[in-house]
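A.B. asks: First, the structure itself, so that you have it in front of you.
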Amino acid sequence: MKNGKAVVLVVEDTAVIRMGAVDLVQSAGYEALEARDADEAIRILEERDDIDLVFTDVQMPGTMDGIKLSHYIRDRWPPVKLLVASGMAILEESSLPIGSLFSSKPYSDHEIIAMMARLLASDNRSFAEVGG
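In terms of this note's numbering, the sequence shown opens at residue 739 and continues consecutively.
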């Protein structure tokens, strides 16, 4: 957390959706950072040590999709919370790291805000489920 405010990294390749997600994060009272793909997200995570949660899309260009990115983050930065969203896929619980949540698109603002709050208040080991 930075200045008592959680820091959320939004990873989304579609600009308009990314902007909407950033607005949503900020309206929930969190600081928002943004990345266009997994490679940019990893660069940001390497440069900053204050990121509390990554909110990522599944389908995106680059070296890895959101599922691979979420596993990479869990392995390299275990305390970072993970919220994964997709409009194209319904994910099996076992495909995501323990402690992460999934939401299908289109998602409601209320649902995402509640999921972010739940993740930020939790221990990564305290639950493993797919939301929706």
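Just so it is clear, CB atoms sit at the ideal spot from N, CA and C, and this is done for glycine as well.
Cα separation between residue 777 and residue 856?
C.D. replies: What you label residue 777 is simply residue 39 of the sequence shown in a count that begins at 1. What you label residue 856 is simply residue 118 of the sequence shown in a count that begins at 1. C-alpha separation (whole angstroms): 27 Å.
A.B. asks: Return helix, strand or coil for residue 790, following the three-state DSSP convention.
C.D. replies: Taking the sequence shown and counting its residues from 1, one reaches residue 790 at position 52. Coil at residue 790, not helix or strand.
A.B. asks: Quick check on the DSSP output: the beta strand (DSSP E) that includes residue 822 runs from which residue to which?
C.D. replies: Within the sequence shown, the letter at position 84 stands for residue 822. That run of the beta strand (DSSP E) goes 819 to 824.
A.B. asks: Would residue 858 pass as a contact of residue 771 if the rule is Cβ separation under 8 Å?
C.D. replies: To locate residue 858, count along the sequence shown from 1; it is residue 120. To locate residue 771, count along the sequence shown from 1; it is residue 33. For residue 858 and residue 771, no; Cβs fall outside 8 Å.
A.B. asks: Give me the DSSP bridge partner(s) of residue 795.
C.D. replies: On the sequence shown, position 57 is the one that residue 795 refers to. Answer is 823, bridged to residue 795.
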